Structures are given as C-alpha cells and as structure tokens.
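First up is the structure itself, then whatever we jot down about it.
There are 2 protein chains.
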Amino acid sequence: MKKQPVVTVDDFDLKILQLVQVDNMMPQRAIADRIGLSAPAVARRLQQLRESGVIRRDIAIVNETAVARPLTIIVHVTTENERLDLLDAMKDRFLRCRQVQQCYYVTGEMDFILIVNVKDMAEYNEMTRELFFEGGNVKSFRTCVSMENVKTNGPIPL
Amino acid sequence: MKKQPVVTVDDFDLKILQLVQVDNMMPQRAIADRIGLSAPAVARRLQQLRESGVIRRDIAIVNETAVARPLTIIVHVTTENERLDLLDAMKDRFLRCRQVQQCYYVTGEMDFILIVNVKDMAEYNEMTRELFFEGGNVKSFRTCVSMENVKTNGPIPL
DNA sequence: TATGAATGTGCAAGTTTCTTGCAAATTGTC
DNA sequence: GACAATTTGCAAGAAACTTGCACATTCATA
Chain E
15 MKKQPVVTVD
25 DFDLKILQLV
35 QVDNMMPQRA
45 IADRIGLSAP
55 AVARRLQQLR
65 ESGVIRRDIA
75 IVNETAVARP
85 LTIIVHVTTE
95 NERLDLLDAM
105 KDRFLRCRQV
115 QQCYYVTGEM
125 DFILIVNVKD
135 MAEYNEMTRE
145 LFFEGGNVKS
155 FRTCVSMENV
165 KTNGPIPL
Chain G
15 MKKQPVVTVD
25 DFDLKILQLV
35 QVDNMMPQRA
45 IADRIGLSAP
55 AVARRLQQLR
65 ESGVIRRDIA
75 IVNETAVARP
85 LTIIVHVTTE
95 NERLDLLDAM
105 KDRFLRCRQV
115 QQCYYVTGEM
125 DFILIVNVKD
135 MAEYNEMTRE
145 LFFEGGNVKS
155 FRTCVSMENV
165 KTNGPIPL
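Chains as they are written, first to last, in this note's numbering: chain E, 15 to 172; chain G, 15 to 172.
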C-alpha cells in the first residue's frame with residue numbers, strides 16, 4: 015500500500031517547496047538566503063521532505079520536439095463494465111504503457127483521461143490497438159490532439 | 015519567440031535523458047557507470063542538454079495531499095469565438111492562473127483542456143468564476159474530478 | 001511560572017560532487 | 001592519408017553537501 019506522508023509542513027517547508035518545484039537544482043545556500051535559514055538547516059529539511067514523501071520525485075523535463083516525439087494526445091476512455099477488478103486491470107495497463115505519461119480515473123461521462131506522448135499518429139494507432147482493442151473493457155475512446163502545449167508541469171500553488 | 019533546440023542528441027544523450035527523467039539528482043558518476051562514459055563527459059553533456067533546451071527544466075514533484083491540495087480536476091473548455099486574439103488572451107489567462115498546472119490547446123469538440131490543482135471545491139468555484147465568467151469568451155466548460163491520479167509526470171519514452 | 005525534554009539551528013570541519021584545464025583519442029572532412 | 005574538429009578521461013581545484021557539536025527555541029508537564 016502506498017504510504018501517505020504524515021509529516022507536517024511548516025512555513026519554511028512551504029517556501030522550500032515553492033522554490034524546488036520550479037528549480038530543484040538550486041543550491042541549498044541559495045535557498046537558505048531566500049528564506050532566512052542556514053544552508054545545513056535547509057539541507058536537513060529537504061532530506062526530511064524527500065524521506066517522508068512530501069517531495070515524491072526529482073525529475074528533468076525534456077523537450078518533446080528535441081527528441082522527435084512532438085505529439086501530445088489527450089484520450090478520453092469509457093469502459094464497458096465498471097467492475098473493480100476490471101478497472102484495476104485497466105489502471106495497471108495504463109500504468110505500464112510507456113507512451114502514457116498521465117492517467118486520471120475521473121467522475122463524469124468518461125472513466126479515464128490519459129495524456130499520451132507519441133512520435134506520430136502511426137505510433138498512436140499502434141498504441142491504441144494494444145491498449146484498447148487487445149486489452150479489453152474499453153467501450154469507446156475519444157482522441158484530442160494537442161495543437162499547443164500552453165502550460166505543462168505547473169507547480170502546486172502554495 | 016520560443017527558441018527551439020537544434021542540437022542533435024545521440025545515443026549517449028538519450029540514455030542520460032532516460033535516467034534523469036526518472037531521477038535528476040543521480041550523481042554524474044552513477045550515470046557514467048550506467049552508460050559507459052566518464053563523469054566529466056556526462057557532466058559536459060548534461061550542461062549542453064540544459065543550455066540547448068533539450069532539458070527544459072529540473073523540478074521537484076510534490077505530493078498534493080501532503081500540502082493539503084488533494085484535488086485534481088480536468089476541465090474541458092469550449093470558446094464562443096475562435097478569433098486568434100481572443101484565443102491568445104485565453105492562453106495568457108490560463109498560463110497566469112496559479113491553479114492551472116497544465117493547459118492544452120486541442121482539436122476536437124473542445125478547445126482547451128486544463129488540469130487544475132485546488133484544495134477543495136470552494137476554491138475551484140472561485141477559480142472558475144475568475145477564469146471563465148469574468149475572463150470572457152468561454153462558451154461552456156465541463157468539470158471532471160479525478161478520483162485517482164493513477165499516473166503523473168511519466169517520462170517521455172526514448 | 002519554572003523546569004526539563006524535545007526539536008531545530010548555525011558553525012565549522014570533513015566528505016562528496018561538480019567543474020575545468022590539458023593532453024590524448026576519436027571522428028569527420030577533404 | 002592528412003588535418004581539423006570534437007569528444008574524451010585524468011587530475012586538480014572549486015563548489016556543494018553532510019555531519020558532529022553546542023546552543024537556542026519550542027513544547028510539555030508539574
């Protein structure tokens with residue numbers, strides 16, 4: 015079972031989180047200067063935030079076009095059957111599919127919303143075949159091609 | 015105008031990108047051991063990838079629940095008028111809105127897809143008032159509340 | 001209100017990681 | 001094959017991070 019952090023975050027932590035959501039390579043000395051603690055104090059808090067899971071991960075964001083994978087597609091998926099075991103199997107498939115960057119299980123008219131990265135529509139077709147037709151329990155899916163990614167990886171407002 | 019990187023990426027770069035999309039705090043020595051270069055060679059390549067924009071940003075991913083902002087909402091927005099200047103103004107509003115983490119300008123039945131982070135539905139109501147009713151050019155919007163974020167911040171498959 | 005425990009801090013020293021100059025190796029071009 | 005350009009590994013220096021310690025602050029209890 016996924017562990018939920020129970021650590022409380024105070025104002026210093028929130029300031030640190032604001033900064034590292036934007037740039038997690040900022041030196042601890044620079045963070046310390048900004049928020050009014052010493053560098054070792056910042057270091058200890060960062061370590062605690064990471065160990066406790068408040069900071070889940072630290073990642074580099076890659077420019078899709080630069081690696082020849084310019085297509086972002088948002089897919090709305092409805093299911094034939096909402097049995098929990100079938101939904102869990104779908105979640106697992108979406109989790110494992112490498113082109114699926116994001117997967118939300120939602121309320122409303124559709125059941126899943128996926129955000130998918132592919133290099134072209136041929137790869138998308140291949141992916142949908144494997145994911146939807148061969149995987150099962152997909153009633154319908156709707157494809158929205160992103161013509162412009164206006165904003166991505168926005169920070170959580172704190 | 016946003017600068018597009020024109021640097022070419024080779025197989026070493028792709029391996030580095032695979033690793034740092036998952037963990038950008040991995041020491042250069044560890045990356046070097048994995049891909050068969052020396053640490054300074056990895057360092058030089060990382061610097062080049064960052065300077066050229068292939069690596070756009072380096073960020074920490076924060077656990078929403080841990081900072082009391084557990085709600086992720088996907089919003090589908092249609093516009094009244096598709097004049098480019100009005101669309102640009104909308105993009106600008108979405109870009110500036112702190113709760114909007116992602117914004118895609120899409121083909122299909124809707125015009126924009128937003129991914130929004132709020133602490134509760136009251137904040138969401140307030141946000142939609144400012145963003146949609148007061149901002150203008152919004153014909154309709156549909157709210158999908160995420161009941162489970164199955165996958166977020168997935169890497170670009172390389 | 002006072003006392004003691006627990007927690008957090010800054011300092012300084014030690015450790016780890018990153019950067020950079022240099023010479024050598026590799027790759028690309030003619 | 002020769003030469004230029006680029007990339008590399010090594011080693012040394014610089015920068016950043018970690019950690020022990022003593023002190024300060026906060027919290028809990030009597």
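Here a beta-carbon is modelled for each residue, glycine too, at the ideal position from N, C-alpha and C. The structure displayed is predicted, hence computed values, not measured ones.
Identity of the residue in the options nearest residue i by Cα
i      : options                           : result
G:V89  : G:R156, G:G168, G:I170 and G:K165 : G:R156
G:I129 : G:K153, G:A103 and G:V91          : G:V91
E:N167 : E:V114, E:Q35 and E:T22           : E:Q35
G:V76  : E:T79, E:V76, E:G67 and E:M141    : E:G67
G:F126 : E:V164, E:D106, E:C117 and E:R110 : E:V164
G:N139 : G:N151, G:V159 and G:A46          : G:V159
E:N95  : E:Q61, E:Q62 and E:V152           : E:V152
E:D99  : E:R64, E:T121 and E:G150          : E:G150
G:T79  : G:F146, G:N131 and G:L172         : G:N131
E:V23  : E:R110, E:T121 and E:L63          : E:L63
Residue i versus residue j - alpha carbon distance
i      : j      : result
G:E162 : G:E148 : 30 Å
E:R112 : E:A55  : 38 Å
E:M135 : G:F108 : 28 Å
E:L28  : G:A82  : 11 Å
G:E123 : E:I30  : 40 Å
E:Q32  : E:I69  : 11 Å
E:D102 : E:T93  : 12 Å
G:D25  : G:R58  : 15 Å
E:L51  : E:K105 : 43 Å
E:I87  : E:E144 : 16 Å
G:I73  : E:K133 : 24 Å
E:A44  : E:T142 : 46 Å
E:R49  : E:Q42  : First, the amino acid is wrong: residue 49 of chain E is Ile here, not Arg. Using only the alpha carbons, I get a separation of about 11 Å.
E:I170 : G:V114 : 9 Å
Test: residue i CB closer than 7 Å to a CB of chain G
i      : result
E:V56  : no
E:V89  : no
E:Q35  : yes
E:L31  : yes
E:M141 : no
E:N95  : no
E:V130 : no
E:R48  : no
E:A44  : no
Minimum Cβ-Cβ distance from residue i to chain E less than 7 Å
i      : result
G:V159 : yes
G:D99  : no
G:E107 : The sequence given here has Arg at residue 107 of chain G, not Glu. It does not; no Cβ of chain E falls within 7 Å.
G:V152 : no
G:R112 : yes
G:M39  : yes
G:I75  : yes
G:G72  : For clarity, residue 72 of chain G is Asp in the given sequence; the question names Gly instead. It does; some Cβ of chain E falls within 7 Å.
G:F26  : no
G:K16  : Confidence at G:K16 is low in this model, with a pLDDT of 42, below 50, so the placement of that residue should be treated as unreliable; the coordinate-derived value is given next. Cβ-Cβ to chain E under 7 Å: no for G:K16.
Residue range of the unbroken alpha helix (DSSP H) whose run includes residue i
i      : result
G:D27  : D25 to V36
G:F155 : It is not in any alpha helix (DSSP H) - G:F155 instead sits in the beta strand (DSSP E) that spans V152 to K165.
Extent of the continuous beta strand (DSSP E) to which residue i belongs
i      : result
E:L145 : No beta strand (DSSP E) contains E:L145, which DSSP labels as neither H nor E.
E:L128 : F126 to V132
E:Q113 : That residue, E:Q113, is in no beta strand (DSSP E); it is neither H nor E in DSSP.
G:R177 : Limits of chain G in this structure are 15 at one end and 172 at the other, which puts residue 177 of chain G out of reach.
G:I88  : L85 to T93
Practice task
Could you list the residues in the segment 114-126 of chain G with a C-beta less than 9 Å from some C-beta on chain E, going in chain order?
Solution key: Result list: V114, Q115, Q116, C117, Y118, Y119, V120, T121, G122, E123, M124 and F126.
Handout entry: Interface positions of the segment 160-172 of chain G facing chain E (Cβ-Cβ less than 9 Å), listed along the chain
Key = The segment 160-172 of chain G vs chain E, Cβ under 9 Å: S160, M161, E162, N163, V164, K165, T166, N167, G168, P169, I170, P171 and L172.
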